[in-house]
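Engineer: Chains as they are written, first to last, in my numbering: chain A, 611 to 871; chain B, 158 to 588.
The C-beta atom is built at its ideal place from N, Cα and C for all residues, glycine as well.
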Amino acid sequence: MLEVEGLAKRYGDVLALRDLTVKVDQGECLVLLGRNGAGKTTALRCMAGVLLPSAGMVRVDGIDAADDPAGVRALVGLMPEVPGLYERMSARSYLDHFGAIYDLSPELRGRRIEDLLELFELSDAGDRWLGTYSKGMRQKVALIRATLHHPRLVLADEPTSALDPDSARRAWIYLKDLQKEGCALVICTHSMEEAEHLAGDIGIMSNGRALAVGNVVELRRRSGLKTRQEVRELPTLQDIYLAIVDNQRMDQRELAETRTA
Amino acid sequence: MVAKRDLRDAVSELRLIAAMVALTLAIPLASGTGVRALAAFGGGTAVVNRLSLVGAFFVVFIPASFSLVLALESFVGERERTTLEVLLSTPLREAEIYAGKVAAVLAVSLTLCYGGLLVYCFVTFPGLGYFPLAILLALALSTICQVAAMVAGAVIVSLNARTMRAANVMASFIILPMSVVLQVEAALILVGRAEFLWAFALMMAVVALILLRMGFNGFSREALLARDVGLRRPWRRANAALRASFNQRPGLFRLVWMRRVPLLIAAAGFPLGALAGYLAGLTNLIPANVVRPVLSTLVRSTGGGGAIDEALLIFSHNVLAFLLVAGLAVVSAGLSGFLLTFAPGFILGFAAALSSWAFALSGIVPNGFVEIPAAIIAGGLAIQIGAAAIHMDARGGWAARVLEAAADYVRALRWLVPALAVASVLEVFLG
Ligand SMILES: Nc1ncnc2c1ncn2[C@@H]1O[C@H](COP(=O)(O)OP(=O)(O)OP(=O)(O)O)[C@@H](O)[C@H]1O
Ligand SMILES: [Mg+2]
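#1: Hey, does S222/B have any beta-carbon neighbour from chain A nearer than 8 angstroms?
#2: Could you pull the DSSP bridge partners for V634/A from this structure?
#3: Does DSSP put G666/A in a helix, a strand or coil?
#4: Would DSSP call I547/B helix, strand or coil?
#5: Do T143/B and ligand 1 come close, with the Cβ less than 7 angstroms from some heavy atom?
#6: I'd like to confirm something about A194/B: is its beta-carbon nearer than 7 angstroms to some heavy atom of ligand 1, or not?
#7: Of all the residues that make up the region 795-811 of chain A, which are near chain B by a beta-carbon distance shorter than 8 angstroms?
#8: Could you name the residues that DSSP lists as bridge partners for K819/A?
#9: Which one of R719/A, L661/A and Y784/A has the shortest CA to CA distance from A675/A?
#10: Tell me the rounded alpha-carbon separation between V308/B and A490/B.
#11: What would DSSP say about G460/B, mapped onto helix, strand or coil?
#12: For ligand 2, is there any heavy atom lying closer than 7 angstroms to the beta carbon of K619/A?
#13: Counting only Cβ pairs nearer than 7 angstroms, list the residues of chain B close to A680/A.
#14: Going along chain B in order, which residues have a C-beta closer than 8 angstroms to the C-beta of V660/A?
#15: On a CA-only basis, which of A179/B, E253/B and P220/B is nearest A160/B? Give me that one, please.
#16: May I have all residues whose beta carbon comes closer than 7 angstroms to any heavy atom of ligand 2, sorted in chain order?
#17: Under the rule that 16 or more other beta-carbon atoms within 10 Å means buried, what is G461/B, buried or exposed?
#18: Which chain A residues are close to R322/B, counting only those with a beta carbon under 7 angstroms from its beta carbon?
#19: Rounded to the nearest angstrom, how far is the Cβ of G554/A from that of L627/A, given a contact under 8 angstroms?
#20: What are the boundary residues of the alpha helix (DSSP H) that A781/A is part of?
#21: With a threshold of 16 other CB atoms inside 10 Å of the CB of R558/B, please say whether the residue is buried or exposed.
#22: Along the chain, where does the beta strand (DSSP E) containing M689/A start, and where does it finish?
#23: List the residues of chain B whose Cβ lies closer than 9 angstroms to the Cβ of A684/A, in chain order.
#24: Using C-beta distances below 6 angstroms, list every residue in its chain close to P419/B, excluding the 5 sequence neighbours before and after it, in chain order.
#25: Exposed or buried, what is Q862/A when buried is set at 16 or more other beta-carbons lying within 10 Å of its beta-carbon?
#26: On the three-pair Cβ rule with 8 angstroms, is the region 462-477 of chain B touching the region 577-587 of chain B?
#27: From the DSSP secondary-structure annotation, give me the bridge partner or partners of K619/A.
#28: With the cut-off set at 8 angstroms, would you say G736/A and A701/A are in Cβ contact?
#29: Please list, in chain order, the chain B residues whose beta carbon lies closer than 8 angstroms to that of V692/A.
#30: Anyone know if the C-beta pair for S801/A and T770/A falls short of 8 angstroms?
#31: Pick out the complete alpha helix (DSSP H) segments inside the region 215-257 of chain B, 4 residues or longer, and give them in chain order.
#32: Compare the beta carbon distance of G543/B and L477/B with 8 angstroms and say whether it is the shorter of the two.
#33: Chain A partners of R319/B, CB-CB under 9 angstroms?
#34: Can you name, in chain order, every residue of its own chain whose Cβ lies under 6 angstroms from the Cβ of H807/A, other than the five neighbours on each side?
#35: Comparing the CB of G644/A with every heavy atom of ligand 1, is any distance shorter than 7 angstroms?
#36: Can you find a C-beta in chain B that's less than 8 angstroms from the C-beta of H760/A?
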């Protein structure tokens with residue numbers, strides 16, 4: 611699905627990517643980890659056909675990004691680091707606008723937009739201007755936008771960095787579902803939890819090249835770390851948080867049911 | 158699609174729209190009633206008629222200035238609001254994005270222009286007994302072209318600026334030439350001849366096309382997202398760029414060969430000018446008394462002062478002309494380079510038409526043998542400067558190319574200036 615070979619990208623004097631070689635098959639997920647400035651965002655931009663590689667090759671579904679960047683862009687859904695939403699548009703019309711750009715028929719995109727807004731709990735806010743959205747809400751809209759047109763390859767740059775744990779989990783489930791439908795994923799993140807949830811392969815980047823690529827087992831072996839026995843007696847903060855949030859939602863549903871009754 | 162969204166964005170800002178519509182309504186209403194009042198209280202018809210035209214010009218111009226702001230905003234605005242990357246990651250082609258942006262701006266400002274003009278016409282002309290349809294149509298057309306030129310220029314600025322503030326500062330590159338253009342237009346309207354306005358519209362259309370093409374060629378995702386910001390040590394960078402443009406440039410003879418196409422164009426300017434001048438002289442298109450003073454310098458009725466003084470005068474005059482031509486080439490797309498050979502040719506042809514070829518040619522012998530090749534080389538290199546100035550490339554490097562062309566010119570001057578000196582001596586002592 612995605613083949614990257616010897617990819618290099620130079621911005622003026624800065625060599626942001628030196629020599630990146632990765633491969634992602636249909637229905638697989640590659641998670642890119644790495645320090646700030648390692649070149650993750652740059653790699654995604656090159657894979658998305660937005661920036662042309664200075665050297666090396668990017669191929670999506672057999673299409674070379676240097677020959678036909680527009681063809682590559684049509685197959686890809688890029689979720690950039692910053693949501694980049696038009697402030698004076700409602701979420702619905704914003705998504706509809708991009709659905710139209712990707713040539714989705716009006717009924718189809720209307721249905722899909724409603725489904726996804728529902729999934730990310732934005733149905734009620736869907737007609738408010740995006741300028742009034744919170745940071746996490748914006749990120750959800752950006753994720754919906756990037757995946758609206760059923761892209762063959764989803765490239766997401768820190769997709770859940772602003773989401774609350776519950777929404778993040780939901781986003782992961784959503785991404786997993788896309789993967790099951792045959793979509794390939796490349797995710798950049800700083801969250802190890804996210805990486806563990808999503809990853810098939812993990813690529814650890816530094817200074818514009820991949821230090822190591824492989825699944826967790828391979829990476830664990832490579833790192834040479836001994837097995838660690840971890841005993842958890844108390845629930846972690848995250849477990850507690852999720853439990854309380856779930857309880858409260860249950861309460862609300864009960865409340866709503868008693869009202870209707 | 159890009160245009161549609163941009164339009165909606167512009168329209169969704171209610172206060173802005175209200176202000177724009179109010180201005181486009183208020184100004185035509187005010188100036189229209191002003192003109193009518195003047196007519197009613199016994200202003201002379203000639204004055205009222207002229208004034209009604211100036212009013213129309215005024216009415217059209219105000220909304221046109223909105224287009225500048227909107228166009229400046231088009232790309233830098235998206236960059237500052239971080240929406241640019243999303244737009245660029247869509248499968249839309251470069252042409253679609255560029256055309257969409259330009260179309261959205263044009264639609265808004267032209268609607269306001271024509272709305273204002275219509276309101277103005279309805280307020281002013283009924284019952285005035287004077288309706289200069291031809292001029293109003295010409296005005297409407299030249300407005301489109303003018304707004305298009307302005308928008309194209311502003312979009313170029315918008316593509317190249319990193320911040321809105323930089324774009325606003327750079328906008329003065331558009332406002333200054335535009336104010337000159339507007340004064341010319343106002344003068345043409347006062348003259349009140351529609352055909353001048355048509356010619357003006359044609360000229361603006363050419364400018365608009367050149368600018369639109371420049372903007373489009375300079376437009377690329379790469380340039381918008383990845384071009385190195387490079388604000389560190391601007392002076393050193395400028396200095397290095399200047400030095401680089403002077404280093405490793407070819408010598409005069411190789412240069413002449415490299416630039417043979419613009420040189421041929423410049424060389425063609427001379428006979429073309431002579432022909433045009435000859436025809437103009439025969440048909441009396443230009444009143445002779447306009448050209449006569451120029452002719453007299455060519456035929457040279459020796460005045461007071463020594464021969465040395467005169468040679469110096471001719472020499473400095475020519476050097477000045479050469480320098481001026483190079484400077485103007487950047488803004489005139491190389492036209493000044495062409496004029497460098499065309500204008501003397503024209504004068505020669507004109508003189509020939511009034512007297513005879515033999516007499517006219519005797520005026521430029523023998524100094525012409527040196528002057529004309531020098532003018533051709535200078536003209537050709539100036540055309541090259543102009544061509545570099547209107548050529549934008551997705552890979553950038555505009556400044557480097559213009560600097561290179563200018564450096565070639567400066568280096569060529571090392572040969573051309575002595576040549577001019579020789580020519581002026583020849584002219585004074587042998588001519
Ligand atoms: N437009 C640009 N112009 C010049 N240099 C750039 C540009 N964008 C990125 N860089 C440089 O390229 C390198 C890689 O940047 P990139 O944004 O890909 O890092 P990243 O891995 O995404 O970092 P982070 O984890 O902080 O998001 C950095 O050194 C950065 O300074
Ligand atoms: Mg990044």
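Structural biologist: Judging by the given coordinates:
#1: No, S222/B does not count as interfacial toward chain A.
#2: Bridge partners of V634/A according to DSSP: L612/A.
#3: The three-state secondary structure of G666/A, taken from DSSP, is strand.
#4: Coil, per DSSP.
#5: Given that chain B is displayed from residue 158 to residue 588, the structure contains no residue 143/B and the question cannot be resolved.
#6: No, Cβ of A194/B sits at least 7 angstroms from all heavy atoms of ligand 1.
#7: Taking a C-beta cut-off of 8 angstroms against chain B, none of the residues of the region 795-811 of chain A qualify.
#8: The identity of residue 819/A in the sequence shown is Arg, whereas the question assumes Lys. In the DSSP output, where bridge partners are listed per residue, R819/A has D629/A and S816/A.
#9: Relative to the Cα of A675/A, the nearest Cα in the group R719/A, L661/A and Y784/A belongs to L661/A.
#10: The alpha-carbon atoms of V308/B and A490/B are separated by roughly 18 angstroms.
#11: Note that G460/B scores 47 on pLDDT, short of 50, meaning its location in the model is unreliable and no value can be drawn from it.
#12: K619/A: no, Cβ never under 7 angstroms from ligand 2.
#13: The answer, in chain order, is P248 and R250.
#14: Contact of V660/A with chain B by beta-carbon distance below 8 angstroms involves E242, L245, S246, R378 and L382.
#15: Comparing Cα-Cα distances from A160/B to each of A179/B, E253/B and P220/B, the minimum goes to E253/B.
#16: Neighbourhood of ligand 2, defined by CB distance below 7 angstroms to any of its heavy atoms: K650/A, T651/A, E691/A, D767/A, E768/A and C798/A, in chain order.
#17: Here the model assigns G461/B a pLDDT of 49, short of 50, so the residue's position is not dependable, and the following value carries that caveat. By the neighbour-count rule (16 or more Cβ atoms within 10 Å), G461/B is not buried but exposed.
#18: Near R322/B there are no residues of chain A at all, since even the closest Cβ is about 20 angstroms away, more than 7 angstroms.
#19: The question about residue 554/A has no answer, for chain A in this structure spans 611 to 871.
#20: Where A781/A is concerned, the enclosing alpha helix (DSSP H) starts and stops at P775 to K790.
#21: By the 10 Å Cβ count, R558/B comes out buried.
#22: Where M689/A is concerned, the enclosing beta strand (DSSP E) stretches over V686 to M689.
#23: The contacting residues are T247 and P248.
#24: By the criterion of a C-beta distance shorter than 6 angstroms, P419/B is surrounded in its chain by G537, I540 and Q541, once the five residues flanking it on both sides are discounted.
#25: Exposed.
#26: Enough Cβ pairs lie closer than 8 angstroms, so yes.
#27: Answer by DSSP bridge pairing, in chain order: L627/A.
#28: A Cβ-Cβ contact shorter than 8 angstroms links G736/A with A701/A.
#29: What V692/A touches in chain B: T239 and E242.
#30: Contact check for S801/A against T770/A passes: the beta carbons are separated by less than 8 angstroms.
#31: If we require 4 residues or more, the alpha helix (DSSP H) runs fully inside the region 215-257 of chain B come out as 241-245.
#32: Taking 8 angstroms as the Cβ cut-off, G543/B and L477/B do not qualify as a contacting pair.
#33: At a beta-carbon threshold of 9 angstroms, none of the residues of chain A lie near R319/B; the nearest stands roughly 13 angstroms away.
#34: Excluding residues within five positions, the ones whose Cβ falls inside 6 angstroms are W782.
#35: Yes, the Cβ of G644/A comes within 7 angstroms of a heavy atom of ligand 1.
#36: No, H760/A lies away from the interface with chain B (no Cβ there is under 8 angstroms from its Cβ).
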